[in-house]
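First residue of the sequence shown: 4, per this note's numbering; consecutive thereafter.
Heads up, the beta-carbon is just placed ideally off N, CA and C, and yes, glycines get one too.
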Amino acid sequence: MRWLVRLVSSVLVLVLLLALMAFLMPKDRIADLLEDRFAQATGRRLEIGPEIRPTIWPVLGVTAGPVRLSNPEGSATPDMLTAGRIAIALDPRALLSGALRITGVEIDRPDLLLERDADGGVNWAIRPARDEGAAPAEGGGIPAITLDRLRIRDGRLRLSDAASGLDLTLDQLDLDTAVPDFAGPVALTARALIRGQPVTLDAQLDALEPFLAGKLTGLAIEARAGAARLAFTGRASGGARDAEGRVEADLGDRPALAAVLGRPFPALPQGFGAESLALKADLTLSSKGSAHLRDAEILADGGTITGELDWQPGKDRPRLTGRFAMDRLALGQTAGGTAEEAAAHDGWNDDRIDAGALAALDADVLVTARTAQFGPLRLGAGAFRVTIDRARAVIGLDRAEAYGGSVAGKLVVNARKGLSASADLVFEGFEMEPLLADLLGSDRVQGRGRLELNLLAAGDSVAALMRGLSGGLRLDLGKGELRGLDIAGMLRTMDPGYVGEGTRTLFEAAGVSARIEGGVATSDDLRIRAPLFTASGAGRVDLGGRSIDYRLLPRLAGTADGGGGVEIPVLISGPWAKPKIRLDLEWLARQRLEAEKARAEDLARQRLEELAQEKLGVEAQQGESLEDAAKRRAKEAVEAETGRILDRLLQGD
């Protein structure tokens, strides 16, 4: 029991000693010491209020308040920091020897302002105070203030940047850091709320003094908001915007990012982060506001993009330049916008297309991709140059793989005044079936050939664009087949039942051109050459209304002796997904009636000519009608009779 009594006695003596130290310590001197040390280290005035009282637990020291830290001269607001209470921890061993050493500071509910003015000046820049004749700190550096621990609890931090327009407030800020050596490394952890969104920050700095003085210093930092993450490892400066190092980012949690940004996350094109976006790259930031990425690897919407990028600020908008290689390039995709989706929804999508992202920046980017998709067009490997100038995007295609062949030309999307789009493309050696399936949702024609497209449309939805389509096209195909229709069978049997699943028409060559206006394509020069027949055709295809009204005029090949040559019209009409195909016997009857009428008129005219020649001696010359021949004959008779009368009169004289 004797050791227990000694232990309790020792603890009581220590407590009494600490209590005595707490009540006898120079409290005003402690506050003055902290103010002086801070002024020497930062050149700022720190004011600690008169409410000072000693503490024993949990640490030996004093609490005081209120607290005020001034802003630099010329700032719009007088204070950089205000707080109701500050707790100062002291080193007991130094206190026993009669010295004062501050080991920790804890600030409750502070209000802190960090700002950058339009000229780039910051209110946390360090300009240390010097007394005339005072010896400089060791190494000529900033006089050191050291803390084993600095804590901020339930604070409010406002970040303001006049140059970029940033104005961000962090509430319920909890921060822990330590400055054991002002010229040495510092670690920091922080948690806060930004517009209700929890965020965290962890940072390790190689040296605080050069960082605050605006020099590049080793820095590792990681920030999180929800599932979104941003990490940087490299070098950065505290006073300027210079930085260089490796950056990693995951920007998939759009609601959390929207809360931090204070506005919706920018709408990115499909394939460039519309749904998910992550990044790894070497990053360089300059004090002029430019950003440069090298060895970048971007994971966007399930695809991988590698390359380099340069971001330059501009007077009206920033400019993006770069070179990228990617698995899949996709632009202009809209839910329900493809022909297949339109067929499923019984029409083109009428939802408004948001092209606002085009106005956010200018760009000149060269992209190589293994596959590409522009609206409904699906392409293979190729090189594409994407330029954006004042909300007008031009996509140049340099012989990209397309539907078993190649395509070259350009696509334009213009969002300067409303939304318009144009395409000037040439497909060479392509397969018709998959192209028609993508463009029109129909796969009834198979063959390989050449297609020229020159299209223009305006509207704020896929449906409006299709209804307003104008321009033209020309198509030439080699050997192929037309599915759902057996033209030769119809001609041989005069039976309209040669249609539907399992029927087809083989051809050796086909071609057509069309004029497009108001979403309707009109054509009158269809030509098909097949082993058993030839065919022409004319009609219209309503691209906006997704319907067809077209008449084929196939003719059986004639025999060597002049037989055959039967022509039977075939009418294709209705929705192009399921058109009605039938023999147009009514049209044929009308054509035959017109032919018989014309034949009867020819026979009547021939009989009149015969009678005129027989009775009146009138004979029509080549290219002359019977009426003209009669007038000519009458004129000749009058002239002859007039001549005879004149001759007689002259003879009588």
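By alpha-carbon distance to Val465, the top candidate from Thr85, Gly378 and Ser163 is Gly378. Contact between Gly487 and Val502 holds, with the beta-carbon distance rounding to 6 Å and staying under 8 Å. Rounded to the nearest whole angstrom, the CA to CA distance from Ala216 to Leu115 is 20 Å. Three or more beta-carbon pairs separated by less than 8 Å link the region 428-445 to the region 407-415, which places the two stretches in contact.
Asp120 sits in coil when the DSSP states are folded into three classes, being neither helix nor strand. Cα atoms of Arg381 and Gly492: separation of roughly 36 Å, rounded to the nearest angstrom. When C-alpha distances from Ala190 are compared across Leu169, Ser163 and Asp151, the shortest belongs to Asp151.
One Cα belongs to Met497, the other to Asp545, and the distance between them is close to 29 Å.
Taking 9 Å as the cut-off, the beta carbon of Arg558 is found closer than this to the beta carbon of Phe536. Residue pairing by DSSP puts Val368 in a beta bridge opposite Gly325 and Val389. The DSSP-derived three-state label of Met83 is strand. Straight-line spacing of the CA atoms in Arg495 and Pro534 works out to 13 Å. Bridge partners of Ile575 according to DSSP: Tyr553 and Ile584.
Put simply, of Ile531, Ile490, Arg530 and Asp527 the residue whose alpha carbon is nearest the alpha carbon of Ile571 is Ile490. Collapsing the DSSP output to three states places Ala360 in a helix. Around the C-beta of Gly310, 16 or more other C-beta atoms lie within 10 Å, and the residue is accordingly described as buried. In the displayed model, Asp174 falls within a strand according to three-state DSSP. Looking at the DSSP output, Val465 bridges to nothing. Taken in chain order, the whole alpha helix (DSSP H) runs of length 4 or more contained in the region 224-309 are 257-264. Ile91 and Ala261 have their C-alpha atoms some 39 Å from each other. Counting along the chain, the unbroken alpha helix (DSSP H) around Leu494 starts and ends at Ile490 to Thr496. According to DSSP, Asp94 shares a beta bridge with no other residue. The C-alpha of Glu109 lies about 13 Å from the C-alpha of Val182. In the same chain as Trp351, and ignoring 5 residues on each side of it, the C-beta atoms closer than 6 Å to its own belong to Ala345, Val465, Ala466 and Met469, in chain order. Taking 9 Å as the cut-off, the beta carbon of Thr236 is found closer than this to the beta carbon of Leu222.
Listed in chain order, the non-local C-beta contacts of Thr172 below 6 Å within the same chain comprise Arg161, local neighbours out to five positions each way being set aside. Nearest C-alpha to Leu254 among Arg47, Ala384, Leu282 and Thr287: Leu282. Scanning its chain for C-beta atoms nearer than 6 Å, with the 5 sequence neighbours on each side dropped, one finds around Ala517 the residues Leu476, Ala524 and Ser526, in chain order.
Residue environment: Ala424 is assigned as buried (16 or more neighbouring CB atoms within 10 Å of its CB, all protein chains considered). A Cβ-Cβ contact shorter than 9 Å links Ala270 with Ala360.
Under the three-state reduction of DSSP output, Glu511 falls in the coil class, being neither helix nor strand. Out of Asn417, Arg373 and Gln376, the CA that lies nearest to the CA of Asp365 is found in Asn417. A direct Cα-to-Cα measurement between Ile89 and Gly52 gives close to 10 Å. Per DSSP, reduced to three states, the secondary structure at Arg470 is helical.
The closest CA to that of Glu251, considering only Thr324, Ser240, Leu286 and Ala259, is found on Leu286. Less than 9 Å divides the Cβ of Glu118 from the Cβ of Ser78.
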